[in-house]
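For the record, in the first sequence the residue sitting at position 170 is 171 according to my numbering, with numbers rising by one throughout.
By construction, the Cβ of each residue, glycine as well, lies at the ideal position given by its N, Cα and C atoms.
Since this is a predicted model, take the numbers as computed values, not measurements.
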Amino acid sequence: MKGKQLFAKKIAEETIGVLTEDEVLEKIEFPKYQEQGDLAFPCFELAKVYKKNPASIATELATKTKSSYFSKVVSEGPYVNCFLNKKHVSKEVLVEIQTKKEAYGSLSVGQGEKVTIDFSSPNIAKPFSMGHLRSTVIGNAYANILEKCGYKAIRINHLGDWGTQFGKLISAYYRWGNEQVVRQDPIKELLKLYVRFHEEAEVDSRLEEEGRLWFLKLEQGDKKALELWQWFREVSLEEFKGIYKLLNVNFDSYNGEAFYNDKMEETIQLLKGEGLLSTSQGAEVVTLEEHNLPPCLIRKSDGATLYATRDLTAAIYRHKKYQFAKSVYVVGQEQSLHFQQVFLVLKKLGFNWASQLEHLPFGFILQNGKKMSTRKGKVVLLENVLREAIAMAEKSIEEKNPTLQNKSKVAHDVGIGAIIFQDLKTDPQHSVEFSLKDMLRFEGATGPYVQYTHARACSILRKSNRYNGNESLDGLSDEPSWSVVKKLMDFPTKVQESYEQANPSEIATYLLSLCREFNKYYAHCKILQEDNQLASRLALVECAAIVIKEGLSLLGMQAPSEM
RNA sequence: GUCCCAGUAGCUCAGCAGGAUAGAGCAACAGCCUUCUAAGCUGUGGGUCGCAGGUUCGAAUCCUGCCUGGGACGCCA
2 MKGKQLFAKK
12 IAEETIGVLT
22 EDEVLEKIEF
32 PKYQEQGDLA
42 FPCFELAKVY
52 KKNPASIATE
62 LATKTKSSYF
72 SKVVSEGPYV
82 NCFLNKKHVS
92 KEVLVEIQTK
102 KEAYGSLSVG
112 QGEKVTIDFS
122 SPNIAKPFSM
132 GHLRSTVIGN
142 AYANILEKCG
152 YKAIRINHLG
162 DWGTQFGKLI
172 SAYYRWGNEQ
182 VVRQDPIKEL
192 LKLYVRFHEE
202 AEVDSRLEEE
212 GRLWFLKLEQ
222 GDKKALELWQ
232 WFREVSLEEF
242 KGIYKLLNVN
252 FDSYNGEAFY
262 NDKMEETIQL
272 LKGEGLLSTS
282 QGAEVVTLEE
292 HNLPPCLIRK
302 SDGATLYATR
312 DLTAAIYRHK
322 KYQFAKSVYV
332 VGQEQSLHFQ
342 QVFLVLKKLG
352 FNWASQLEHL
362 PFGFILQNGK
372 KMSTRKGKVV
382 LLENVLREAI
392 AMAEKSIEEK
402 NPTLQNKSKV
412 AHDVGIGAII
422 FQDLKTDPQH
432 SVEFSLKDML
442 RFEGATGPYV
452 QYTHARACSI
462 LRKSNRYNGN
472 ESLDGLSDEP
482 SWSVVKKLMD
492 FPTKVQESYE
502 QANPSEIATY
512 LLSLCREFNK
522 YYAHCKILQE
532 DNQLASRLAL
542 VECAAIVIKE
552 GLSLLGMQAP
562 SEM
């Protein structure tokens with residue numbers, strides 16, 4: 002990275018009055034092909050100013066740009082190509098990583114400020130679906146990235162534990178439910194009831210009515226309704242916590258929608274006080290005509306509250322409680338309009354912190370090109386998938402490394418890692434077709450591939466019994482190791498990009514490229530070989546292990562040292 | 001109908017604050033384990049970057065229109 006800065010400085014010195022150092026820095030690119038060097042500066046812009054052809058400008062600049070940091074600077078067509086001094090730069094990079102260890106790549110932009118991050122948020126009495134998996138792993142990874150950037154992340158699981166759906170469920174339970182049956186396998190039975198409700202409601206419209214009525218009762222504190230709700234919530238949460246344990250995800254708060262019940266009246270009064278509420282078709286709404294958006298529904302015509310009311314209340318509560326610098330919602334893209342509305346209503350209420358709210362949408366998990374639907378009962382249960390992944394990892398270990406210690410722990414880390422990585426490697430915004438086959442794949446561009454690379458690196462370090470990381474090194478200048486060093490140099494930039502774009506997949510794809518380079522290196526160089534480069538090679542292996550482990554940790558994955 | 005998102009190799013995806021020869025993985029085929037973990041590495045084949053215009057010295061990348069798929073659009077969340 003310093004090389005880039007220096008290159009920019011040198012170029013700027015030669016183009017005084019035309020380009021500033023920062024402008025040069027912006028234009029510098031990384032050539033695609035190794036023969037073209039490590040850094041490149043295109044001269045098209047200068048050609049316009051100097052009214053000369055870019056190639057001759059490049060030639061001129063190339064001869065003038067010199068530093069002990071560069072091994073050579075040459076022109077190639079309209080580009081000035083810079084080759085860094087491999088030995089010099091690699092030594093500096095390796096020492097930096099060895100010194101900073103897992104703190105390598107950390108940023109301080111957050112300055113310890115708080116960011117609340119609302120993610121996972123499954124619905125009570127429904128199975129934990131693949132869609133919630135996305136929210137969970139993306140949210141958790143983004144929270145880790147925020148922390149890497151100096152923020153204090155507050156992880157909030159905004160449980161879907163309130164709403165009309167519970168009226169429907171209670172109604173269904175009273176119609177067809179049986180306590181014994183539900184106790185045996187709560188979520189599965191409750192889902193059955195929920196699905197049946199929707200099936201029957203299609204032919205009998207009175208059911209919808211009844212469901213709404215039960216929810217109203219629930220909201221008014223009806224004892225029987227509350228008891229059932231409480232029961233549904235408890236058994237569900239228990240099951241969810243099992244999944245979080247498997248995924249190794251923790252929350253600072255499980256305050257779901259119900260938590261805001263007694264706080265919503267205040268929000269409604271606030272809206273009323275500001276004169277924002279109006280009545281429309283019997284419901285109370287905040288109009289957003291000036292933004293060309295449909296109105297935000299605050300209270301239904303039957304007096305019950307809505308999703309938006311709860312989200313408004315939650316935002317206000319969270320700001321009061323945490324004084325966040327940012328508040329992020331990792332929720333599916335189908336809710337984009339909803340968040341747009343909620344954020345605008347808060348702005349209309351005069352909260353200047355409304356601009357610090359951010360919806361981080363993600364795409365659907367599709368089945369045959371269509372969104373999965375819980376209502377029709379067509380869901381793939383996450384827990385089964387996780388268990389299957391672990392079992393497959395176990396089988397793999399039996400085949401490949403039967404004498405491994407800690408087999409079950411490693412199988413867990415690898416199986417879960419495969420699932421998490423599969424999800425995080427694609428851009429969150431993109432919808433993805435559900436594929437069990439891809440999730441359970443351990444070869445190629447997968448989590449286990451990255452973990453395996455790490456384990457290999459660790460294995461070498463273990464075998465080099467004399468290496469302790471304190472040997473003085475003189476750097477490496479061969480091509481295979483240089484490719485790895487360049488990747489290692491990229492890590493801080495990637496951390497920053499993944500933060501700025503709120504995109505964990507930046508880290509995942511980066512790790513794949515680093516591992517690819519490392520594995521090439523591993524295949525082509527004998528590392529444990531007694532010569533005067535041994536310490537440098539081992540340092541390279543150690544640094545690769547550090548960065549891979551830290552990268553995986555940002556994604557919420559473990560990095561076993563053997564597998 | 002209005003708005004949002006996507007369309008890159010047979011499949012899954014990178015690349016998209018414009019830049020040199022469009023990259024991986026899977027699948028197919030051909031190789032590499034008496035030497036650091038073969039969950040790996042090497043090679044071969046495979047592309048009108050949805051279509052048509054435009055901006056630019058230069059477009060997969062930016063703009064406009066169209067086509068295709070998905071989603072959202074008042075009492076679900």
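Residue i and residue j closer than 8 Å at C-beta
i: V433; j: L383; result: no
i: S76; j: A56; result: yes
i: N141; j: F120; result: yes
i: I417; j: L248; result: yes
i: A309; j: L217; result: no
i: L477; j: K87; result: yes
i: E480; j: Q37; result: no
i: I398; j: V411; result: yes
i: P123; j: G151; result: no
i: I269; j: S237; result: no
i: G222; j: F492; result: no
i: P296; j: L289; result: yes
i: I547; j: K102; result: yes
i: F1; j: F129; result: A question about residue 1 goes unanswered here, because the residues of the chain that appear run from 2 up to 564.
i: T314; j: K264; result: yes
i: Y80; j: F42; result: yes
i: Q334; j: G364; result: yes
Nearest to residue i (by Cα), restricted to the options the options
i: M490; options: E93, V50, C44 and L62; result: E93
i: S565; options: E36, N54, D424 and L147; result: Outside the shown range of the chain (2 to 564) lies residue 565, about which nothing can therefore be said.
i: K225; options: C526, Y175 and K52; result: Y175
i: L47; options: P493, D479, T268 and E15; result: E15
i: K11; options: V381, Y152, L62 and V19; result: L62
i: A390; options: M265, L539, Q423 and G151; result: Q423
i: F260; options: Y318, A446, Q357 and K102; result: Y318
i: G164; options: Q185, F252 and R234; result: R234
i: K149; options: T494, E22, R538 and Y245; result: T494
Collapsed DSSP secondary structure at residue i in the structure displayed
i: T435; result: Reading off the sequence shown, one finds Phe at residue 435, where the question assumed Thr. If DSSP states are grouped into helix, strand and coil, F435 belongs with coil.
i: E103; result: helix
i: Y523; result: helix
i: T150; result: The sequence given here places Cys at residue 150; Thr does not occur at that position. C150: coil per DSSP, three-state reduction.
i: N256; result: coil
i: Y627; result: This structure cannot settle anything about residue 627, because the visible part of the chain is limited to 2 through 564.
i: K372; result: strand
i: N262; result: helix
i: P403; result: coil
i: G572; result: With the chain covering only 2 through 564, there is no way to say anything about residue 572.
i: R442; result: coil
i: S1; result: Residue 1 is absent from the structure shown; the chain starts at 2 and stops at 564.
i: I118; result: strand
i: P128; result: coil
i: I139; result: helix
i: P449; result: helix
i: A392; result: helix
Own chain partners of residue i with C-beta closer than 7 Å, once the 5 adjacent residues on each side are dropped
i: A284; result: L298, R300, K301 and S302
i: S68; result: L7 and K11
Run of the beta strand (DSSP E) containing residue i, from where it starts to where it stops
i: K73; result: F71 to E77
i: G333; result: K327 to G333
i: A284; result: A284 to L289
i: L298; result: L294 to R300
Residues of its chain near residue i, where Cβ-Cβ distance is below 8 Å and the 5 sequence neighbours each way are ignored
i: V485; result: L515, E518, F519, Y522, L541 and A545
i: L40; result: G4, K5, F8, I29, E30, F31, P32, N82, C83 and L85
i: E359; result: K327, S328, V329, Y330 and A503
i: Q452; result: D414, V415, G418, L553, M558, Q559, A560, P561 and M564
i: Y323; result: K115, T117 and I155
i: C526; result: D479, P481, S482 and R538
Residue span of the alpha helix (DSSP H) that contains residue i, given as start and end
i: L47; result: F45 to Y51
i: K426; result: Element bounds for K426: n/a, residue is neither H nor E.
i: I244; result: K224 to L248
i: F198; result: P187 to V204
i: V496; result: E480 to E501
i: L278; result: L278 -> not in any alpha helix (DSSP H); beta strand (DSSP E) instead, spanning L278 to S281.
Close Cβ partners of residue i (< 6 Å) along its chain, the five nearest in sequence each way excluded
i: I157; result: T117, D119 and S254
i: S172; result: E211, G212 and W215
i: N179; result: none
Distance cut-off 7 Å: residue i Cβ against heavy atoms of the ligand FMN
i: S514; result: With respect to the ligand FMN, the structure offers nothing, as it holds no ligand at all.
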